[in-house]
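Below is one structure, written out as structure tokens, with a few remarks after it.
In UniProt numbering, the protein residues as written are 1 to 105.
The following block contains the structure:
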């Protein structure tokens, strides 16, 4: 049985007439313990004049979030890559031209 899902069924004030129609419902709390209760089941219990409450303490989950980001904006990074590619292409083109000139002489 899960420790997170331990319930108690208590009568709702003002719904005493409905509570009298289902007097055994608080005794059937074991049917609901150990599992998540759907919204439909909760409303069904409420319509009978009872409310279901979680009595188990859920441990607090502590966590920390660390965000890291690149200081170069995506557009600036793209422009820098394009300029680097253009420079590399120019170097290749100049090397090919120099090689052709050397072969021609």
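Beta carbons are placed, not taken as given, at the ideal position from N, Cα and C, and that holds for glycine. All values reported here derive from a predicted model rather than from experimental measurement.
- Counting C-beta pairs closer than 8 Å gives three or more between the stretch 18-26 and the stretch 44-63, which meets the contact rule.
- Under DSSP, residue 54 shares a beta bridge with 7.
- Residue 5 holds the alpha-carbon nearest to the alpha-carbon of residue 31 among 105, 5 and 65.
- In the structure shown, residue 46 adopts helical secondary structure according to DSSP, grouped into three states.
- Note that the C-beta distance between residue 19 and residue 53 is not below 9 Å.
- In the three-state reduction of the DSSP assignment, residue 29 falls in the helix class, which pools H, G and I.
- A direct Cα-to-Cα measurement between residue 92 and residue 63 gives close to 52 Å.
- In the DSSP assignment, residue 23 falls outside any alpha helix (DSSP H), carrying neither H nor E.
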